[in-house]
Amino acid sequence: MAGFTLMELMVTIVIIGILAAVAMPAYADYVKRGRIPPATAALSELRAKMEQHFQDNRSYAGACVDKSATEPPKNLADFDVACQIGADGNSFVLRAEGKGKMAGFTYRIDEKNARSTVAVPTGWTKSDECWVTNRSGKC
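Read the sequence shown against our numbering and you will find it ends at 141, with the numbers running on by one and no gaps.
Set out below in structure tokens:
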């Protein structure tokens, strides 16, 4: 007799199912982690532009309106960037808020270069001291 028995076929299908159950969540997490660096890079780049605006004007006032200082990179599809200037014009906060598949993530940086992860999706750990780049809360 040549061929496979029904039992052999079922065992193979069960093994493939177990492997897929382990691999798919790990892959989805890997893809999500890969979408974070463009947001953190954009915040760093925009912070440098804010500092340039301050050097030119001795104040951050008007920097959020100045598109050259706050325009995020074109490849930032998964995050929206928001800019807020302090009442005295000597402080600012930049935020990258996730949208779509990255909804729930919010990264922050200010004029002191203090970086924090303000919000994360369920199952992730946020940090007041750095930009979290993986589920465990590591920076």
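The beta-carbon is built from N, C-alpha and C at its ideal position, and this holds for glycine as well.
Predicted, not measured: the structure shown is a model, and the values here were computed from it.
Are the beta-carbon atoms belonging to residue i and residue j less than 7 Å from one another?
{"i": "Phe94", "j": "Glu113", "result": "yes"}
{"i": "Ala110", "j": "Arg97", "result": "Residue identity check: residue 110 is Arg in the sequence provided, not Ala. Closer than 7 Å, so yes."}
{"i": "Thr124", "j": "Trp133", "result": "no"}
What are the boundary residues of the beta strand (DSSP E) that residue i is part of?
{"i": "Leu78", "result": "It is not in any beta strand (DSSP E) - Leu78 carries neither H nor E in the DSSP assignment."}
{"i": "Val67", "result": "That residue, Val67, is in no beta strand (DSSP E); it is neither H nor E in DSSP."}
{"i": "Ala28", "result": "Here Ala28 belongs to no beta strand (DSSP E); instead the alpha helix (DSSP H) covers 8-36."}
{"i": "Arg97", "result": "94-100"}
{"i": "Val120", "result": "117-121"}
{"i": "Arg110", "result": "108-112"}
Can you tell me where the alpha helix (DSSP H) with residue i in it begins and where it stops?
{"i": "Phe56", "result": "39-59"}
CA-CA distance, residue i and residue j?
{"i": "Leu78", "j": "Ile20", "result": "35 Å"}
{"i": "Asn136", "j": "Trp126", "result": "7 Å"}
{"i": "Phe6", "j": "Leu45", "result": "57 Å"}
{"i": "Ala23", "j": "Ala30", "result": "12 Å"}
{"i": "Glu53", "j": "Pro27", "result": "40 Å"}
{"i": "Ile38", "j": "Lys128", "result": "14 Å"}
{"i": "Cys66", "j": "Leu48", "result": "10 Å"}
{"i": "Glu83", "j": "Ile18", "result": "According to the sequence as given, residue 83 is Val; it is not Glu. The alpha-carbon atoms of Val83 and Ile18 are separated by roughly 42 Å."}
{"i": "Thr42", "j": "Ser138", "result": "18 Å"}
{"i": "Pro40", "j": "Leu11", "result": "45 Å"}
Ignore the nearest five residues each way along the sequence and tell me which others in residue i's own chain have a CB closer than 7 Å to its CB.
{"i": "Phe56", "result": "Tyr62"}
{"i": "Glu131", "result": "Ser118"}
{"i": "Gly91", "result": "Ser61, Tyr62, Ala63"}
{"i": "Asp68", "result": "His55"}
In terms of DSSP beta bridges, what is residue i paired with?
{"i": "Ser129", "result": "Thr119"}
{"i": "Cys85", "result": "Leu96"}
Going by beta carbon distance, what residues of the same chain come within less than 6 Å of residue i, once the five residues before and after it are set aside?
{"i": "Glu99", "result": "Asp82, Thr108"}
{"i": "Lys51", "result": "Ala71"}
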